[in-house]
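Residues 2 to 41 in our numbering are what the sequence shown lists, from first letter to last. Just so it is clear, CB atoms sit at the ideal spot from N, CA and C, and this is done for glycine as well. Remember, it's a predicted structure, so these values are computed and weren't measured experimentally. The next block holds one structure in the form of structure tokens; read it before the comments.
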Amino acid sequence: MIKVIATLLRNSPDNIYLYDIKSRFLDDMILLSSASRENR
């Protein structure tokens, strides 16, 4: 699921709203990986 979302974001035409969505997506991925014990 995460790979599908990342691919959609990567292939979407750039605009100011997409930049905000990409930023939030990356923030969420960082929080998710830092909360996981497997990634420590």
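Quiz prompt | Under the three-state DSSP convention, the category Ser13 falls into | solution = The count along the sequence shown starts at 1 and reaches residue 13 at position 12. The answer is coil: DSSP assigns Ser13 none of H, G, I, E or B.
Quiz item: What's the C-alpha gap between Arg25 and Ala7?
Solution: The residue you call residue 25 lines up with position 24 of the sequence shown. The residue you call residue 7 lines up with position 6 of the sequence shown. Whole-angstrom Cα-Cα distance: 12 Å.
Quiz item: Of the choices Met2, Ala36 and Leu9, whose alpha-carbon is the least far from that of Ile22?
Solution: By one-based count along the sequence shown, residue 22 stands at place 21. The shortest Cα separation from Ile22 among Met2, Ala36 and Leu9 belongs to Leu9.
Quiz item: When DSSP labels each residue in this structure, what does Met2 get in the three-state scheme?
Solution: Taking the sequence shown and counting its residues from 1, one reaches residue 2 at position 1. When secondary structure is reduced to three states using DSSP, Met2 falls in the coil class, being assigned neither helix nor strand.
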